[in-house]
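Here numbering that gives the first Met the number 0 is used: the first residue of the sequence shown is 0, the next is one more, and so on. Heads up, the thing below is written out as structure tokens.
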Amino acid sequence: MSVKTANTSRPALKRWDVPSAKAFDETQHADILIQAIADDRTDQILYRSATSLAYWSYDLATGDLWWSAEFDRFFNQLPERVDRQHVRAAVSAALAPWLQKIAFRSLEAHGDQWQELKLQIRMPDIFGKIIQFQCHKGGHRCHLGILTGIACEYELDSVDQRERLFREAFENGPFGAALIGSDGLYLKVNEAFARLLGYTREELSGRYAHEITPAGDISLDREAMRALLLAGNGRTTISKEYFHRDGHLIDTRVEIAIISGDLTRPDETLCLLAFVQDLTELRNAQAELSTSQIRSELALESTGIGIWEWNSNQNGAFYSPRTCEILDVELKELFSDESLLASIHPDDIKDYVESRMQHTNGDTPLHRAEIRIRQRNGSYKWVEDIGKILERDEQGRPLRVVGTLLDIHDRKAMEETLKRQSCEIASLVEHSPDGMIRYDCELRRLHANPAMRRFLRGIDPKDVIGLPATEDDITGIPTDYLDTLRSVLRTGQEADLETSYISSSGSHNWLHAHFTPEINADGKVSTVLVVMRDITEAVSHREDIEKLAYRDSLTGLPNRAWFNRVFETTLADAEAKNVQFALVILDLDNFKDVNDTLGHAAGDQLLCEVAQRLSVELRQSDTFARLGGDEFAIFLQNVGHRQNVSEITNRLLAAIARPFHMEGRDMLVSGSLGIACYPDDGASPRDLFAHADAALYEAKARGRNNFQYYDEALTARARLRVNLGNASHSACTNKELELYYQPKVDLSSGEIIGAEALLRWRHPELGLLMPDSFIPIAEENGTIVEIGDWVIRTAAQTAVDWNSKRVKPLKIAVNLSPRQFKQNDLAKQIEIALTQTSCRAEWLECEITESLLLNDESGVQTTLQKLRAMGLSVAIDDFGTGHSALAYLSRFPIDVLKIDRSFIAQMGKNDRGTELVKAFTSIADALGMTTVAEGIETNEQAASLNGFGCKIGQGYLFGKPVALHDFAKHF
Numbered sequence: 000m001s002v003k004t005a006n007t008s009r010p011a012l013k014r015w016d017v018p019s020a021k022a023f024d025e026t027q028h029a030d031i032l033i034q035a036i037a038d039d040r041t042d043q044i045l046y047r048s049a050t051s052l053a054y055w056s057y058d059l060a061t062g063d064l065w066w067s068a069e070f071d072r073f074f075n076q077l078p079e080r081v082d083r084q085h086v087r088a089a090v091s092a093a094l095a096p097w098l099q100k101i102a103f104r105s106l107e108a109h110g111d112q113w114q115e116l117k118l119q120i121r122m123p124d125i126f127g128k129i130i131q132f133q134c135h136k137g138g139h140r141c142h143l144g145i146l147t148g149i150a151c152e153y154e155l156d157s158v159d160q161r162e163r164l165f166r167e168a169f170e171n172g173p174f175g176a177a178l179i180g181s182d183g184l185y186l187k188v189n190e191a192f193a194r195l196l197g198y199t200r201e202e203l204s205g206r207y208a209h210e211i212t213p214a215g216d217i218s219l220d221r222e223a224m225r226a227l228l229l230a231g232n233g234r235t236t237i238s239k240e241y242f243h244r245d246g247h248l249i250d251t252r253v254e255i256a257i258i259s260g261d262l263t264r265p266d267e268t269l270c271l272l273a274f275v276q277d278l279t280e281l282r283n284a285q286a287e288l289s290t291s292q293i294r295s296e297l298a299l300e301s302t303g304i305g306i307w308e309w310n311s312n313q314n315g316a317f318y319s320p321r322t323c324e325i326l327d328v329e330l331k332e333l334f335s336d337e338s339l340l341a342s343i344h345p346d347d348i349k350d351y352v353e354s355r356m357q358h359t360n361g362d363t364p365l366h367r368a369e370i371r372i373r374q375r376n377g378s379y380k381w382v383e384d385i386g387k388i389l390e391r392d393e394q395g396r397p398l399r400v401v402g403t404l405l406d407i408h409d410r411k412a413m414e415e416t417l418k419r420q421s422c423e424i425a426s427l428v429e430h431s432p433d434g435m436i437r438y439d440c441e442l443r444r445l446h447a448n449p450a451m452r453r454f455l456r457g458i459d460p461k462d463v464i465g466l467p468a469t470e471d472d473i474t475g476i477p478t479d480y481l482d483t484l485r486s487v488l489r490t491g492q493e494a495d496l497e498t499s500y501i502s503s504s505g506s507h508n509w510l511h512a513h514f515t516p517e518i519n520a521d522g523k524v525s526t527v528l529v530v531m532r533d534i535t536e537a538v539s540h541r542e543d544i545e546k547l548a549y550r551d552s553l554t555g556l557p558n559r560a561w562f563n564r565v566f567e568t569t570l571a572d573a574e575a576k577n578v579q580f581a582l583v584i585l586d587l588d589n590f591k592d593v594n595d596t597l598g599h600a601a602g603d604q605l606l607c608e609v610a611q612r613l614s615v616e617l618r619q620s621d622t623f624a625r626l627g628g629d630e631f632a633i634f635l636q637n638v639g640h641r642q643n644v645s646e647i648t649n650r651l652l653a654a655i656a657r658p659f660h661m662e663g664r665d666m667l668v669s670g671s672l673g674i675a676c677y678p679d680d681g682a683s684p685r686d687l688f689a690h691a692d693a694a695l696y697e698a699k700a701r702g703r704n705n706f707q708y709y710d711e712a713l714t715a716r717a718r719l720r721v722n723l724g725n726a727s728h729s730a731c732t733n734k735e736l737e738l739y740y741q742p743k744v745d746l747s748s749g750e751i752i753g754a755e756a757l758l759r760w761r762h763p764e765l766g767l768l769m770p771d772s773f774i775p776i777a778e779e780n781g782t783i784v785e786i787g788d789w790v791i792r793t794a795a796q797t798a799v800d801w802n803s804k805r806v807k808p809l810k811i812a813v814n815l816s817p818r819q820f821k822q823n824d825l826a827k828q829i830e831i832a833l834t835q836t837s838c839r840a841e842w843l844e845c846e847i848t849e850s851l852l853l854n855d856e857s858g859v860q861t862t863l864q865k866l867r868a869m870g871l872s873v874a875i876d877d878f879g880t881g882h883s884a885l886a887y888l889s890r891f892p893i894d895v896l897k898i899d900r901s902f903i904a905q906m907g908k909n910d911r912g913t914e915l916v917k918a919f920t921s922i923a924d925a926l927g928m929t930t931v932a933e934g935i936e937t938n939e940q941a942a943s944l945n946g947f948g949c950k951i952g953q954g955y956l957f958g959k960p961v962a963l964h965d966f967a968k969h970f
């Protein structure tokens with residue numbers, strides 16, 4: 000036998016010279032019987048596995064017979080005592096008459112349908128085998144005198160059974176199965192495959208693969224499939240999509256095998272067997288499992304907890320990366336329990352082992368120990384090790400233990416620091432010159448330091464421990480002291496108090512007390528710590544100075560000099576703490592008339608009564624002074640919002656408005672107030688006073704008896720508003736308006752589904768103006784109607800341009816002004832715009848504000864219903880920022896709920912922000928509305944919103960608002 004190397008594009012072939020029939024006779028051996036057997040079936044090999052096929056070729060001219068390497072497997076299965084070379088020679092000799100007959104018929108052109116040959120090999124004590132040979136149809140024409148074919152072996156006694164089993168598996172298997180010709184024709188399919196695609200078997204048989212396969216699928220690429228099958232030795236597995244009968248796509252995994260024919264020379268004999276598995280449920284399960292796994296990993300990672308497990312059944316242990324990080328070791332270093340014990344601090348080993356033994360013996364539900372672990376640098380780290388036995392053997396010995404490892408080093412260090420500081424504080428308290436005393440919720444004294452003796456009329460502090468503080472207390476507690484103590488217990492707010500007390504000598508002294516509420520684990524005030532100091536001398540000096548320099552002699556209020564002094568301190572404190580305060584200037588309206596009609600004495604009386612009333616309405620933290628004449632000044636501190644300032648100023652106006660009883664009759668007086676806020680309206684006393692005065696004059700100009708905040712609109716803004724108002728009348732005509740577009744994205748797929756149209760004004764002098772700088776002006780002077788009409792028409796035309804060639808149209812959202820609902824037939828205006836631009840109604844979405852719905856005007860509802868009837872969708876913009884009334888959601892035809900960006904920004908920062916977004920999404924879903932989230936800036940926000948059920952997202956994560964040509968370029 001000689002071996003030759005074939006073309007590199009085909010597998011290596013082995014060559015045997017085909018002996019004559021005589022030579023065959025000479026090769027007969029007493030122990031080997033090889034004979035041809037008759038079998039009329041011709042489809043036997045059609046059902047054989049591609050891996051059991053061998054390939055052969057026969058040169059008609061030279062008589063050389065070539066075998067593929069797979070043929071050796073037939074002979075290698077024979078016992079070692081059998082002479083394989085002899086068997087090969089015998090088989091080759093048995094083929095000679097058959098090959099010569101085919102060669103003769105080929106030369107005579109008698110056709111290309113030849114009876115297959117089956118050779119039966121029988122040897123003593125060896126199970127019988129059959130090798131079946133087929134010659135490819137038309138092989139002699141395709142290969143210029145070369146016959147080609149395939150060979151297959153199977154055990155003699157199991158052939159029929161295997162064939163029956165194969166047919167049974169093909170027909171009744173749980174997966175789809177199909178026999179496919181070389182041209183992609185479905186020759187035969189089973190019931191499972193037909194049912195998967197929604198057809199009958201008869202309807203699928205005779206169809207071609209491209210009829211039920213989407214374009215671009217790899218299975219339609221013959222070269223790609225040929226390469227995969229060659230690489231897989233006649234088998235391959237691919238992911239493939241099919242068209243269901245109703246049109247939807249089915250995701251499947253297909254296993255393909257060549258069962259007949261030669262892939263290197265494909266013809267009508269090439270046949271493929273495909274098994275098809277529906278992956279829809281698998282994909283869903285994998286996605287759910289992946290999501291669950293990610294959530295678990297994120298939860299563990301966020302807690303910083305390490306995980307470990309010991310399993311005797313698997314003879315090993317598992318340590319998470321976090322566990323190795325805490326222990327400061329590589330995973331390979333944790334090869335045994337002893338390696339861990341060796342790193343434990345010697346002082347902690349006993350307690351650690353005892354804890355484990357107690358749990359092993361069943362005395363404790365868990366093993367828990369706080370131990371120190373040696374790090375690489377030689378230092379020790381505190382960790383908490385917790386373990387639990389999950390499985391035991393019949394003798395109760397642990398089989399499986401799981402546990403966690405937590406780094407508590409910082410906590411232990413803090414505990415040590417707190418312990419040391421506690422001792423230091425206790426020492427300071429005992430030796431402090433200030434009195435310190437602690438009360439519980441029942442006003443019982445829990446602790447008092449020695450310095451408290453001077454504030455208890457000389458009574459030893461130890462004698463009052465456990466006694467409640469009351470008005471008739473032997474220590475002579477001041478009433479305002481008890482009131483403040485009760486207030487702090489009730490409100491949980493710190494407080495300061497200056498009050499008089501009776502000393503041990505019986506004199507009336509002054510003390511300053513600071514009340515600090517102490518909060519327990521439930522978030523409630525459990526105790527109050529009071530620190531007090533004698534300030535008798537300081538109060539005496541202060542009163543003397545204030546009376547001389549800083550008090551108004553008429554009203555007793557601080558005067559201008561004192562107020563200016565305090566102003567500097569207040570300003571510096573606000574700047575250091577980055578807090579706000581408000582300066583209020585109050586002036587009595589027409590005070591001159593009081594002096595002129597009733598005299599200056601009545602005027603002075605009025606000023607005093609006004610001072611008293613206003614003092615009552617102000618808070619303890621506020622500062623109140625008389626600047627002179629009928630003008631007063633007030634510092635309102637701790638005001639985070641202007642609403643807080645407005646509430647206080649409204650109370651002041653109401654106090655002044657109550658009748659004053661003067662000279663036997665009631666007199667009605669009003670006041671005007673101007674307000675300047677730090678730091679928005681100024682950062683210096685000069686600026687704040689000037690701006691508060693300007694606001695005061697504005698209040699006077701607006702009819703008195705009101706308050707006004709300082710606003711730059713009083714000066715430069717007023718001129719700007721006039722200029723913009725005049726220019727807005729010609730903005731449309733001069734083509735100065737533009738629409739910017741911000742993409743809106745499907746959060747589940749990331750696909751752009753539309754955009755919001757946002758108005759810009761390219762002013763010839765001021766440049767590009769944002770809408771908040773000119774829309775209020777346009778609404779005030781009425782030009783918003785013309786501008787709004789331009790916006791609708793422009794957006795409609797853009798929608799037509801975008802969607803004329805799109806399969807999935809993009810929807811454009813436009814903002815509508817409340818003024819548009821009131822001044823014209825808005826629905827008719829939009830209808831005309833749609834008609835003139837040929838824009839479909841479903842391509843536009845109208846966004847309105849909550850305030851428009853809260854008025855509950857019938858005209859608004861009628862207009863919205865007309866818009867809905869036309870096919871436009873209606874969205875509520877900036878939901879949650881106004882005075883939301885959920886009732887209107889059911890009364891008005893609303894399709895979309897847009898969650899304001901302020902709520903999205905709070906997601907992840909606090910639980911309330913996240914829960915609000917969930918609530919909005921749930922409300923919208925319950926009412927059949929689509930939810931749109933504005934202001935998305937991170938992938939985490941987008942993922943969370945998608946998980947909440949929010950369908951659509953908008954924000955800088957997906958794109959900023961851009962001009963029309965930039966939107967088309969980028970999106």
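Just so it is clear, CB atoms sit at the ideal spot from N, CA and C, and this is done for glycine as well. What you are looking at is a predicted structure, and each value in this text was computed from that prediction instead of being measured.
Per-residue DSSP class, three states only, for residue i
i	result
Lys411	helix
Ser772	helix
Ala700	helix
Arg485	helix
Lys959	coil
Asp791	The sequence shown places Ile at residue 791, rather than the Asp named in the question. Helix, per DSSP.
Phe623	strand
Ile473	coil
Those residues which DSSP pairs with residue i across a bridge
i	result
Cys845	Val813, Val873
Val524	Ile518
Ala92	Ala92 is not bridged to any residue.
Leu896	Ile875, Thr930
Leu271	Ile179, Ile257
Neighbour-count burial assignment, residue i, 16 or more Cβ in a 10 Å radius
i	result
Lys968	exposed
Glu743	The identity of residue 743 in the sequence shown is Lys, whereas the question assumes Glu. Burial call: buried.
Thr596	exposed
Pro763	exposed
His430	exposed
Ile980	This structure cannot settle anything about residue 980, because the visible part of the chain is limited to 0 through 970.
Asp621	buried
Val615	exposed
Asp384	buried
Proximity to residue i [Cα-Cα], best of the options
i	options	result
Ala795	Ala832, Lys807, Gly781	Ala832
Gly753	Ala226, Ala730, Tyr740	Tyr740
Ser981	Ile501, Ile534, Gly602, Arg625	Because the chain here runs from 0 to 970, residue 981 falls outside it and cannot be looked at.
Arg391	Phe562, Arg399, Lys804	Arg399
Val275	Glu240, Gln285, Met906	Glu240
Met869	Thr569, Leu843, Thr848	Leu843
Contact between the region 415-425 and the region 438-445 (3+ Cβ pairs under 8 angstroms): no
Contact the region 223-239 vs the region 177-190: 3+ CB pairs below 8 angstroms: no
Touch test, the region 578-590 against the region 501-511, Cβ-Cβ under 8 angstroms, three pairs minimum: no
Touching by the beta-carbon criterion (3+ pairs, under 8 angstroms), the region 930-940 and the region 891-902: yes
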